[in-house]
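Data first, discussion second: the structure below is written as structure tokens.
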Amino acid sequence: MLRSMYSGISGMKANQVKMDIVGNNVANVGTTAFKKSSARFSDALNQSMIYASGASATVGGVNPGQVGIGTKVIGINKYMTQGSLQPTGRPSDLAIDGDGFFVVDLGDGEIGYTRDGSFNIDTNGQLVTAEGYRVLNSDSKPITIDLSTYISFTVGKDGAITGIEKDGNKVALGTINVATFPNPEGLEMVGGNIYKSTVASGDVVNNSAVSGSVIQGAIEMSNVDLSEEFTDMIVTTRAFQASSKVITTSDELLQEIINLKR
Numbered sequence: 000m001l002r003s004m005y006s007g008i009s010g011m012k013a014n015q016v017k018m019d020i021v022g023n024n025v026a027n028v029g030t031t032a033f034k035k036s037s038a039r040f041s042d043a044l045n046q047s048m049i050y051a052s053g054a055s056a057t058v059g060g061v062n063p064g065q066v067g068i069g070t071k072v073i074g075i076n077k078y079m080t081q082g083s084l085q086p087t088g089r090p091s092d093l094a095i096d097g098d099g100f101f102v103v104d105l106g107d108g109e110i111g112y113t114r115d116g117s118f119n120i121d122t123n124g125q126l127v128t129a130e131g132y133r134v135l136n137s138d139s140k141p142i143t144i145d146l147s148t149y150i151s152f153t154v155g156k157d158g159a160i161t162g163i164e165k166d167g168n169k170v171a172l173g174t175i176n177v178a179t180f181p182n183p184e185g186l187e188m189v190g191g192n193i194y195k196s197t198v199a200s201g202d203v204v205n206n207s208a209v210s211g212s213v214i215q216g217a218i219e220m221s222n223v224d225l226s227e228e229f230t231d232m233i234v235t236t237r238a239f240q241a242s243s244k245v246i247t248t249s250d251e252l253l254q255e256i257i258n259l260k261r
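Note that numbering that gives the first Met the number 0 numbers the sequence shown so that position 62 is 61, with each residue one more than the last.
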């Protein structure tokens, strides 16, 4: 009975983690370029009740008999599949159609990576994220687009930025750095739609030849499917309730044993 209570408790804890993840996915369904997550479980400890034995001349072999003691979360997967692209008409909005990340300067020598291309041009003419981080070009320098000099600008699929002067003259303003990683699921989320590289993600490949195309005037939506999340929510709720029922039933059995002494 104590084993069943431990199993019930572990089931409640594991399903609470899963519900936290589902809730975060649903909350970020409208977040630009958000990537959904899911929990992975495995069985926890197993207690052997019957030990395995081999066959002999007189009796056959016996398979091991084990009773599990609950479950545990062994990983949280992040799905880096691309979300749908939504046109915005804003020239500073950029999306990556395919693999890759925009590279941003987080300050103090730290570099971040993002697929959220809802950029702005600040008072210094620099292309920045919604939180003010500077977007870097292929030379790892901030991208500058002086709107007092250029009446407009274009961004090619290769990330090349072209400023258009009042007389129609076109000036090359550099190329946006689109970086890739051997294992993008190994990136660490640090908030603000920003990722940092880790030993699990592998070394960054700047100006990657296998990166996707840069699309101007569009942003990437989240890859959250609400129908899937609502289904997971229902299943997780029922699993949590079932684990709770295991605990209450085990408690009732223990109470019956206590009452036997009266």
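Beta carbons are placed, not taken as given, at the ideal position from N, Cα and C, and that holds for glycine. These figures come from a predicted structure and were not determined experimentally.
For residue j and residue i, believed in contact at Cβ under 8 Å, the rounded distance
{"i": "Met-18", "j": "Thr-247", "result": "Not really, about 20 Å apart at Cβ, beyond 8 Å."}
{"i": "Leu-105", "j": "Tyr-132", "result": "6 Å"}
{"i": "Val-103", "j": "Val-134", "result": "6 Å"}
{"i": "Phe-152", "j": "Gly-167", "result": "Contact doesn't hold; Cβ gap of about 13 Å is too wide."}
Short Cβ contact (7 Å threshold) for residue i with residue j
{"i": "Thr-70", "j": "Phe-40", "result": "yes"}
{"i": "Met-136", "j": "Val-127", "result": "Per the sequence presented here, residue 136 reads as Asn, with Met not at that position. Going by C-beta atoms, Asn-136 is not nearer than 7 Å to Val-127."}
{"i": "Phe-180", "j": "Ser-210", "result": "no"}
{"i": "Ile-233", "j": "Ala-94", "result": "no"}
{"i": "Ser-36", "j": "Ile-49", "result": "no"}
{"i": "Gly-7", "j": "Ser-242", "result": "yes"}
{"i": "Ala-32", "j": "Asp-121", "result": "no"}
{"i": "Asp-92", "j": "Gly-216", "result": "yes"}
{"i": "Val-170", "j": "Gly-99", "result": "no"}
{"i": "Val-213", "j": "Gly-158", "result": "yes"}
Collapsed DSSP secondary structure at residue i in the structure displayed
{"i": "Asp-145", "result": "coil"}
{"i": "Pro-86", "result": "strand"}
{"i": "Phe-229", "result": "helix"}
{"i": "Ala-13", "result": "helix"}
{"i": "Met-79", "result": "coil"}
{"i": "Met-18", "result": "helix"}
Cβ-based neighbour list, residue i, same chain, cut-off 6 Å, excluding 5 preceding and 5 following
{"i": "Met-220", "result": "Gly-82, Ser-83 and Gln-85"}
{"i": "Gly-185", "result": "Thr-197, Ala-199 and Ser-200"}
In DSSP terms, what residue i is bridged to
{"i": "Gln-125", "result": "Thr-143"}
{"i": "Ile-150", "result": "Answer by DSSP bridge pairing: none, since Ile-150 is not bridged."}
Residues near residue i in its chain [Cβ-Cβ closer than 8 Å; skip 5 each side]
{"i": "Arg-2", "result": "Gln-46, Val-66 and Ile-68"}
{"i": "Met-11", "result": "Phe-239, Ser-242, Ser-243 and Ile-246"}
Residues of its chain near residue i, where Cβ-Cβ distance is below 7 Å and the 5 sequence neighbours each way are ignored
{"i": "Glu-130", "result": "Gly-191"}
{"i": "Met-188", "result": "Tyr-194"}
{"i": "Lys-165", "result": "Ile-150"}
{"i": "Asn-62", "result": "Ala-51"}
{"i": "Val-16", "result": "Ala-38 and Val-72"}
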